[in-house]
Amino acid sequence: MKPKYVLALDQGTTSSRAVVFNSRCEIVAMSQRPFNQQFPHPGWVEHNPLEIWSTQSFVMENAVNKAGADWTEIVALGITNQRETTIVWDRATSEPIYNAIVWQDRRTAEYCDTLREQGLTERIREKTGLILDAYFSATKIRWILDNVPGARIRAERGELCFGTVDTWLTWRLTGGRLHVTDVSNASRTLLFNIHTLAWDEELLDLFDIPRSILPKVVPSSAVYGMTECPQIPSPVPIAGIAGDQQAALFGQQCIEPYSAKTTYGTGCFIMLNTGDKPHMSENNLLATVAWQRNGETAYALEGSVFVGGSIIQWLRDGLKFFSSSADSEALAASVEDSGGVCLVPALTGLGAPYWDPYARGTIIGITRGTTSAHITRAALEAIAFQVDDVVRAMAADTGHTSTEMRVDGGAVSNNLLMQFQSDLTNVKIIRPAVMESTALGAALFAGLAVGFWHSTDEIGTLLRPERTFTPQADPAEMERRRRLWHKAVGRSLHWAEQSE
Ligand code: ADP
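All the letters of the sequence shown, read from the start, carry residue numbers 2 to 501 under my numbering.
(1) Going by other Cβ atoms of all chains shown within 10 Å of its Cβ, with 16 needed for buried, is R482 buried or exposed?
(2) Where does T122 fall in DSSP's three states?
(3) Starting from the C-beta of A327, find all residues in its chain whose C-beta is less than 8 Å away, skip the five residues before and the five after it, and write them out in chain order.
(4) Give me the Cβ distance between R143 and I210, rounded to the nearest whole Å; I'm assuming they're in contact under 8 Å.
(5) Below 7 Å, is the gap between the Cβ of T267 and the nearest heavy atom of the ligand ADP?
(6) Can you grab the Cα-Cα spacing for the pair T15 / V46, in whole Å?
(7) Ignore the nearest five residues each way along the sequence and tell me which others in T289's own chain have a CB closer than 6 Å to its CB.
(8) Would you mind giving the Cβ-Cβ distance between F59 and A444, rounded to the nearest angstrom? I have them listed as a contact below 8 Å.
(9) Secondary structure at E501, three-state DSSP: helix, strand or coil?
(10) Note down, in chain order, each residue of its chain lying with its Cβ closer than 6 Å to the Cβ of E501, except the 5 sequence neighbours on either side.
(11) Could you give the C-beta distance for T87 and A101, rounded to a whole number, given that I count them as a contact under 8 Å?
(12) Please state if the CB of V490 and the CB of V345 are separated by a distance shorter than 8 Å.
(13) So what does DSSP say about R25, is it helix, strand or coil?
(14) Who pairs with S32 in a beta bridge, going by DSSP?
(15) Mark W104 as exposed unless 16 or more other C-beta atoms lie within 10 angstroms of its C-beta, in which case mark it buried.
(16) Only counting the same chain, and skipping five residues up and downstream in sequence, which positions put a Cβ closer than 7 Å to that of W486?
(17) In three-state terms, what does DSSP make of L179?
(18) Cβ atoms of A440 and R465: under 8 Å apart, would you say?
(19) Report the CB separation of W172 from S55 in whole angstroms; it is logged as a contact under 8 Å.
(20) Hey, is the segment 349 to 357 in contact with the segment 281 to 299, meaning 3+ C-beta pairs nearer than 8 Å?
(21) Check the C-beta distance from M31 over to A77 and give it rounded, since I have them as a contact under 8 Å.
(22) Among all the DSSP beta bridges, which residues are the ones paired with G244?
(23) What does the alpha-carbon distance come out to for the pair T175 and Y225?
(24) Could you check whether F453 and S222 sit closer than 8 Å to each other, using their CB atoms as the reference points?
(25) Can you give the Cα-Cα distance for T371 and G340, rounded to whole angstroms?
(26) Any heavy atom of the ligand ADP closer than 7 Å to the beta-carbon of I142?
(27) Rounded to the nearest angstrom, what separates K3 and G177 at their Cα positions?
(28) Does DSSP classify M419 as helix, strand or coil?
(29) Closer than 7 Å: is that where the CB of A385 sits relative to any heavy atom of the ligand ADP?
(30) Using a 10 Å radius around the Cβ and a threshold of 16 neighbouring Cβ atoms, would you call Q119 buried or exposed?
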């Protein structure tokens, strides 16, 4: 019998990737290609949608070739993607009318301020679970409609399509037959009501966006249609779509309510499954749709830390403390503790739960005895302190204290960091053997939809932890350290505001 595979497309902010999984959830082949980041003005970030598609289609062909597979052996295709990034294209020609406006782009920040001054924050939060911010799609769509000549009139005539990156890829993969997005991506637009699970007329009016440009909202795991593009000679069912963090949550098997995962990459992304109802946050976290499958919707609370692993990059490239990020572990381990040094990595402000764009990085508690080892140790601990703050905000919101956390991302190879996180947050840390949680999540959604895998229980028997870390430290000592950290955070807040 011929082997069978599932193909996951993982369209990220800096590169497009494709991963081929076999029925044991093992990675058979992988391909990755970076693409151009465009910064036309300070604070603006754009991608060329055609380059997103060309790199994505290149890596998908390449991964299937590397796997030694034939397209007839690919039983399903799943998509996961950078979220919120906004593309508008011509329905008839499939040509984008403007570049993709990336989630990081701040051009609509002032418009968001205006809406905030009108007192709309709470109304928007109630419906969408999100904070009113330029990060999400709605204000980016509006910007394109108002700034590309003729766009608004064409949109009103039904000639244009809006999509997040999942929508764009599905459109291209099906030769323009499918204009869809899944619930998890829809829930990041500021236009989607997470209670009714539908586009919201009041929000569309508020942001002045014509309904005709919106995609149809579909579940995260279902057969949406077959591919219809020259790159895929024998059509494959497209059967899974989810935003990257939601896909990682599923790939980490955080299926039960109150299970959580943290991704330690450039930033840190903490997500907690809150079960079948949205849990509105009182602590500056986002409530979002995790996924929809088998007619059921799962929700999550989410908190993002802007500077995670990238503080280690800064010690490496900016301060030249070491030549590879992995060396941070040995240097930090060469001292017993940070020697009283606290480092607050607020290099680009602070994210959840502080949301202070004016906070700036701080290294405090330096004495004559302080060395690069102490500072490196403080930097690694700071990653853990930031995650701990979000985990505690989640516990305050839900009244539930997690005892476990699953982890992925580049920085989780650092054992000292993982042990400190376990000690500090008093959780068992589970590091999986398959580290590609995001791609795996997309593959699982697609594979479950076509019956390649039959249940999440079956998948649970295939996926094993690589290593676990359990709390070893004295909780009172950890509490003392936490107080010191919060004192340091206090010194970093509002810094840029005051110095202007
Ligand atoms: P992303 O997907 O956000 O680009 P990755 O998941 O590849 O990032 O993680 C890379 C980040 O993790 C970098 O910022 C790097 O400095 C950090 N990192 C990688 N290895 C280690 C390590 N052993 N210890 C600490 N940080 C690390």
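Yeah, the Cβ is synthetic: ideal placement off N, Cα and C, and Gly gets one too.
Judging by the given coordinates:
(1) Working through the sequence shown from its first residue, we reach residue 482 at position 481. Per the 10 Å Cβ criterion, buried.
(2) Translated into positions along the sequence shown, residue 122 becomes position 121. Looking at T122 - three-state DSSP - the assignment turns out to be helix.
(3) Position 326 of the sequence shown, counted from the first residue, corresponds to residue 327. Contacts found: S414, N415.
(4) If you number the sequence shown from 1, residue 143 lands on position 142. If you number the sequence shown from 1, residue 210 lands on position 209. About 6 Å; that satisfies the 8 Å criterion.
(5) On the sequence shown, residue 267 is found 266 positions in, with the first residue counted as 1. Taking 7 Å as the cut-off, one finds at least one heavy atom of the ligand ADP near enough to the beta carbon of T267.
(6) As a working note, residue 15 is residue 14 in the sequence shown. As a working note, residue 46 is residue 45 in the sequence shown. In a straight line, the C-alpha of T15 is about 11 Å away from that of V46.
(7) Residue mapping note: residue 289 aligns to position 288 of the sequence shown, counting from 1. G130, S188, A301, E303.
(8) Position 58 of the sequence shown holds residue 59. Position 443 of the sequence shown holds residue 444. The distance from the Cβ of F59 to that of A444 is about 19 Å, inconsistent with a contact at the 8 Å cut-off.
(9) Taking the first residue of the sequence shown as position 1, residue 501 is located at position 500. Residue placement at E501 is flagged as unreliable, the pLDDT there being 48, under the threshold of 50; the coordinate-derived value follows with that caveat. In the structure shown, E501 adopts coil according to DSSP, grouped into three states.
(10) Taking the first residue of the sequence shown as position 1, residue 501 is located at position 500. Annotation note: pLDDT 48 at E501 (below 50); position unreliable, coordinate value reported separately. Cβ neighbours of E501 within its own chain (closer than 6 Å, five residues either side excluded): none.
(11) By one-based count along the sequence shown, residue 87 stands at place 86. By one-based count along the sequence shown, residue 101 stands at place 100. Sure, about 7 Å apart at Cβ, within 8 Å.
(12) The sequence position of residue 345 within the sequence shown is 344, counting from 1. The sequence position of residue 490 within the sequence shown is 489, counting from 1. Between V345 and V490, the C-beta spacing is below 8 Å.
(13) Numbered from its first residue, the sequence shown carries residue 25 at position 24. Coil at R25, not helix or strand.
(14) For the purposes of this step, residue 32 is taken as residue 31 along the sequence shown, with counting starting at 1. Answer is A19, bridged to S32.
(15) For the purposes of this step, residue 104 is taken as residue 103 along the sequence shown, with counting starting at 1. Burial state of W104 is buried, judged by a 10 Å Cβ sphere holding 16 or more other Cβ atoms.
(16) Taking the first residue of the sequence shown as position 1, residue 486 is located at position 485. The beta carbon of W486 sits closer than 7 Å to the beta carbons of C343, F386 from its chain, once the five residues preceding and following it are set aside; these are given in chain order.
(17) Numbered from its first residue, the sequence shown carries residue 179 at position 178. L179 carries a coil assignment under DSSP once its states are collapsed to helix, strand and coil.
(18) Taking the sequence shown and counting its residues from 1, one reaches residue 465 at position 464. Taking the sequence shown and counting its residues from 1, one reaches residue 440 at position 439. Result no, Cβ atoms of R465 and A440 do not sit closer than 8 Å.
(19) The residue you call residue 172 lines up with position 171 of the sequence shown. The residue you call residue 55 lines up with position 54 of the sequence shown. So it is not a contact: roughly 14 Å between Cβ atoms.
(20) As far as the Cβ criterion goes, the segment 349 to 357 touches the segment 281 to 299, which means the pair count is three or higher.
(21) In the sequence shown, the residue the question calls residue 31 occupies position 30. In the sequence shown, the residue the question calls residue 77 occupies position 76. In fact, because the Cβ distance is near 17 Å, the residues do not count as touching under 8 Å.
(22) Within the sequence shown, the letter at position 243 stands for residue 244. When beta bridges are read from the DSSP output, G244 appears opposite N82.
(23) Indexing the sequence shown from 1 puts residue 175 at position 174. Indexing the sequence shown from 1 puts residue 225 at position 224. Rounded to whole angstroms, the separation of the alpha carbons of Y225 and T175 is 10 Å.
(24) By one-based count along the sequence shown, residue 222 stands at place 221. By one-based count along the sequence shown, residue 453 stands at place 452. Going by C-beta atoms, S222 is not nearer than 8 Å to F453.
(25) Here residue 371 refers to the residue found at position 370 of the sequence shown. Here residue 340 refers to the residue found at position 339 of the sequence shown. Rounded to the nearest angstrom, the two C-alpha atoms are 7 Å apart.
(26) As a first step, residue 142 must be located in the sequence shown, where it is residue number 141. Distances taken from the Cβ of I142 to the heavy atoms of the ligand ADP include none shorter than 7 Å.
(27) Taking the sequence shown and counting its residues from 1, one reaches residue 3 at position 2. Taking the sequence shown and counting its residues from 1, one reaches residue 177 at position 176. Rounded to whole angstroms, K3 to G177 spans 31 Å at the Cα level.
(28) Here residue 419 is taken as the residue at index 418 of the sequence shown, counted from 1. Looking at M419 - three-state DSSP - the assignment turns out to be helix.
(29) What you label residue 385 is simply residue 384 of the sequence shown in a count that begins at 1. Relative to the ligand ADP, the beta carbon of A385 is positioned no closer than 7 Å to any heavy atom.
(30) Indexing the sequence shown from 1 puts residue 119 at position 118. That one is exposed.
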